[in-house]
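Residues 1 to 114 (our numbering) are what the sequence shown spells out, left to right.
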Amino acid sequence: MHLKRILALSTVCILSILIISGIPEASALETLPSDLNTGPYVDHIVYKVIYTQDQKILALQAGWIEMDSSFFDPVYYSMLDSDPDINIFTALRNGYGHLTINCRDAPLNESVLR
């Protein structure tokens with residue numbers, strides 16, 4: 001029983017020290033610059049929806065779009081990589097890019113379950 005009280009008190013002390021030490025001092029905060037809301041302004045934004053991947057590839061090669069953050073089919077890799085104006089960045093990712101559920105067989109063929 002005595003050991004449990006010591007352990008609980010130690011835990012509370014350590015947590016309080018961590019919480020207090022994580023709070024920044026008021027003197028350490030920097031003031032914001034006065035010209036924060038000045039600068040270049042945008043007159044208009046053109047937003048066009050590109051529906052297919054083929055259209056995205058053509059728009060990227062023609063210079064109509066600056067970048068696309070979606071995933072491309074690997075068959076286009078050699079064509080895009082050979083273009084000197086296009087840089088390709090790759091990144092490993094965890095997860096699935098596509099998930100298909102087979103609704104033919106039970107129990108997933110019941111729409112109540114899905």
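For glycine and all other residues, C-beta sits at the position ideal for the given N, C-alpha and C. Since the model is a prediction, treat every value here as computed from it, not as a measurement.
Could you spell out the range, first to last residue, of the alpha helix (DSSP H) harbouring tyrosine 76? Here tyrosine 76 belongs to no alpha helix (DSSP H), and DSSP marks it neither H nor E.
Can you give me the C-alpha to C-alpha distance between threonine 52 and isoleucine 19, rounded to a whole angstrom? 52 Å
So, helix, strand or coil for isoleucine 57, using DSSP? helix
DSSP three-state label for lysine 4, please. helix
Any idea if leucine 60 is buried or exposed, counting beta-carbon neighbours within 10 angstroms, 16 or more meaning buried? buried
Of the residues Leu7, Ser70 and Arg5, which one's Cα is nearest the Cα of arginine 93? Ser70
Aspartate 118 versus tyrosine 96 - alpha carbon distance: Residue 118 lies beyond the stretch modelled for the chain, which goes from 1 to 114, so this question has no answer here.
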